[in-house]
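Engineer: Sharing a structure with you now.
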Amino acid sequence: MADHTHIIGRADVDDYDAILAITNSDVDEVLHTVGNSADAIFTWDYERTRPALAKLYEKAKTSMWNANDLPWHIEVDQEEVARNNQNQNGVGQHLDTKGTPFENWGEKEWIRFGVESQNWTLSQFMHGEQGALICTAQIVETVPWIDAKYYAATQVMDEARHVEVFSRYLDTKLSGHYPINAHLELLLDDIIGDSRWDMTYLGMQIMVEGLALAAFGFLHQMTTEPLLKQLLRYVMSDEARHVAFGVLSLQEFYQQLSGSEIRERQEFAFEAAVRMRDRFMQQETWERLGVDVKEAVKAMQQSPERPIFQSMLFSKIVPNCKKLGLLDAGDGWLRDRFTELGVIQFEDWADTAEEYGALDEVAKDRAQVQ
Ligand SMILES: [Fe+2]
Ligand SMILES: [Fe+2]
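Residue numbers (our numbering): 92 to 461.
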């Protein structure tokens, strides 16, 4: 396997020691500052020349929803949810626990893990949403096209609502918060710190939001908790538009880039993919449960469900990268990386610029009411 130290800071993608050495070193931090020297760009060209973005903008305006309208009165029994999740996804059930930290675990311990997993997952979603809020506000400033500025402004509102709903769910329905995962933070810092406007799009709209769309879809399908189900359904309607915004914008922009510029984008996509995969090892959960983190991560990686879950997270990213031409440019460098990560099988799945309308559950609900 090729050495990727210059991109991801370690030679071997699966080097657990290196992955787990990256931890959040300041968990009490309240304000986190990221430097950025991107130019804010005015355009005096107000002509609407990008109909696909204009269409997306119109859709965004009519698909706005209010977080207060979700059924917040529903009471959530977290242990019950954890039990149902475990019955559905089989975590721990098909694992050979002999010699692992889970050797003596019974139902009680697995339920506690399930509860902490919810706290952790929703916390990371909330932090990621704030990343999206900041990135998209940045795009409003830096993108030179008026149609894109209009659309991005609607996304800023969407992201505020997403931070709001995850935060409220954590505060009123769950039992604890987690600080941001260090791998996710590294990635968000990289995206925000890059002064090239198209890199913000690639990191956020294509990679982070592409993964979020798949992860929300997975959780939406799995959860039996009706409030979370509806919350995710509505967030996903917005997310699908956001990813489509990335695909539609970059498709145009990438046509004018040179081979070496495209290669930089491929490397950035690979770096983002690895960071996101690393974060799903959820090392902080193991820490809180007081088990040996490395042993726990290694054991979980061996569970039969793991490769399916891990690769499924990339089911939106890979077809979107293909649509942008990133997969096969420059001798298929990114294709090789995605093959090594075990996610290339999604390349011919629907890309999000094609399917975002079908994912608009808000519009479907409104059509039913009328
Ligand atoms: Fe979002
Ligand atoms: Fe989003």
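Yeah, the Cβ is synthetic: ideal placement off N, Cα and C, and Gly gets one too.
A quick note: this is a predicted structure, and the numbers were derived from the prediction, not measured.
1. Which value, in whole angstroms, describes the spacing of the CA atoms of Val409 and Ala306?
2. Given this structure, state the Cα-to-Cα distance separating Gly190 from Val388, to the nearest angstrom.
3. For Glu362, is the beta carbon positioned less than 6 Å from some heavy atom of ligand 2?
4. With a threshold of 16 other CB atoms inside 10 Å of the CB of Met155, please say whether the residue is buried or exposed.
5. Determine the extent of the alpha helix (DSSP H) in which Ala158 is found, giving its start and end residues.
6. Hey, how far is the Cα of Asn210 from the Cα of Ala303?
7. If Gly337 sits next to Gln296, beta carbons under 8 Å apart, how far is it from one beta carbon to the other, in whole angstroms?
8. Grab me the residues of Leu425's own chain with a C-beta within less than 7 Å of its C-beta, minus the 5 sequence neighbours each way, in chain order.
9. Would the segment 106 to 123 count as touching the segment 264 to 274 if we require 3 or more Cβ pairs under 8 Å?
10. Measuring CB to CB, does Tyr137 end up less than 7 Å from Ile237?
11. Under a CB-based cut-off of 7 Å, is Gln436 close to chain C?
12. Whole angstroms is fine: what's the gap from Ile202's alpha carbon to Leu278's?
13. For ligand 1, which residues have a Cβ under 7 Å from at least one heavy atom, in chain order?
14. Hey, Thr233 and Ile132 are a contact pair by Cβ (cut 8 Å); roughly how many whole angstroms apart?
15. Among Arg259, Ala145, Phe309, Gly423, whose alpha-carbon lies nearest the alpha-carbon of His164?
16. Got a sec, what are the start and stop residues for the alpha helix (DSSP H) Trp377 sits in?
17. Given a cut-off of 7 Å, decide if Ser286 and Ser406 are closer than it, judged by their beta-carbon atoms.
18. If you reduce the DSSP assignment to three classes, tell me which class Gln347 lands in.
19. Taking only the alpha-carbon atoms, compute the straight-line gap between Val167 and Lys264 and give it to the nearest angstrom.
20. Tell me the DSSP secondary structure of Pro142 in three-state form.
21. For Asn157, count neighbouring C-beta atoms within 10 Å of its own C-beta (all shown protein chains included) and say buried if the count is 16 or more, exposed if not.
22. My understanding is that Ala331 touches Tyr447, with C-beta atoms under 8 Å, so please give their C-beta distance in whole angstroms.
23. Glu300 to Met217, Cα distance in whole Å?
24. What separation, rounded to the nearest whole angstrom, lies between the Cα atoms of Gln179 and Met313?
25. Near His253, which residues of its chain fall below 6 Å by C-beta distance, leaving aside the five closest residues on each side in sequence?
26. Quick check: what's the CA-CA separation for Phe204 versus Glu276?
27. Reducing DSSP to helix, strand and coil, say where Leu323 ends up.
28. Where Arg428 and Glu355 are concerned, what is the direct C-alpha to C-alpha distance, given to the nearest angstrom?
29. Could you tell me the alpha carbon to alpha carbon distance between Val172 and Glu316, rounded to whole angstroms?
30. Kindly indicate the opening and closing residues of the alpha helix (DSSP H) around Thr443.
31. What is the residue span of the alpha helix (DSSP H) that Arg252 lies within?
32. From which residue to which residue does the alpha helix (DSSP H) around Gln215 run?
33. Using the Cα positions of Met403 and Asp439, report the straight-line distance between them to the nearest angstrom.
34. Which value, in whole angstroms, describes the spacing of the CA atoms of Ala441 and Lys199?
35. May I ask which residues mark the beginning and end of the alpha helix (DSSP H) holding Gln401?
Structural biologist: On the basis of the supplied data:
1. Near 14 Å, if we compare the C-alpha coordinates of Ala306 and Val409.
2. Pairing Gly190 with Val388, the inter-Cα distance amounts to about 13 Å.
3. No, the Cβ of Glu362 stays beyond 6 Å of every heavy atom of ligand 2.
4. It counts as exposed.
5. Judged by DSSP secondary structure, Ala158 falls outside any alpha helix (DSSP H); it is assigned neither H nor E.
6. Going from the Cα of Asn210 to the Cα of Ala303 covers about 17 Å.
7. Correct: roughly 3 Å between the Cβ atoms.
8. So the qualifying residues of the chain are Gln357, Ala360, Phe361, Cys412, Leu417, Leu418.
9. A contact is defined here as three or more CB-CB pairs under 8 Å, and the segment 106 to 123 meets this definition with respect to the segment 264 to 274.
10. Closer than 7 Å, so yes.
11. Included in the structure is just one protein chain, with no chain C present.
12. Answer to the nearest angstrom: the Cα atoms are 31 Å apart.
13. Those satisfying the condition are, in chain order, Glu220, Ala223, Asp249, Glu250, His253, Glu300, Ala303, Val326, Asp329, Glu330, His333.
14. Right, the Cβ-Cβ distance comes to about 6 Å (below 8 Å), so this counts as a contact.
15. The candidate whose alpha carbon is nearest that of His164 is Arg259.
16. 374 to 380 is the span of the alpha helix (DSSP H), which, as asked, contains Trp377.
17. Contact: no.
18. Of the three classes helix, strand and coil, the one that applies to Gln347 here is coil, per DSSP.
19. Rounded to the nearest angstrom, the gap between the Cα atoms of Val167 and Lys264 is 6 Å.
20. Three-state result, Pro142: helix.
21. Residue burial is scored here from C-beta neighbours: Asn157 has fewer than 16 other C-beta atoms within 10 angstroms and is therefore classed as exposed.
22. Right, their Cβ atoms sit about 4 Å apart.
23. In this structure, the alpha-carbon of Glu300 lies about 13 Å from that of Met217.
24. Distance between the alpha carbons of Gln179 and Met313: 7 Å.
25. For His253, where only same-chain residues beyond five positions count, the Cβ hits under 6 Å are Glu220, Val326.
26. One C-alpha to the other measures close to 23 Å.
27. The DSSP-derived three-state label of Leu323 is helix.
28. Each residue's alpha carbon lies about 14 Å from the other.
29. Approximately 7 Å between the Cα atoms of the pair.
30. For Thr443, the uninterrupted alpha helix (DSSP H) segment begins and ends at 443 to 446.
31. Where Arg252 is concerned, the enclosing alpha helix (DSSP H) stretches over 237 to 264.
32. According to the DSSP assignment, Gln215 belongs to the alpha helix (DSSP H) that extends over 198 to 233.
33. Computed Cα separation, rounded: 14 Å.
34. For Ala441 and Lys199, the distance between alpha carbons rounds to 41 Å.
35. Note, Gln401: alpha helix (DSSP H), 397 to 403.
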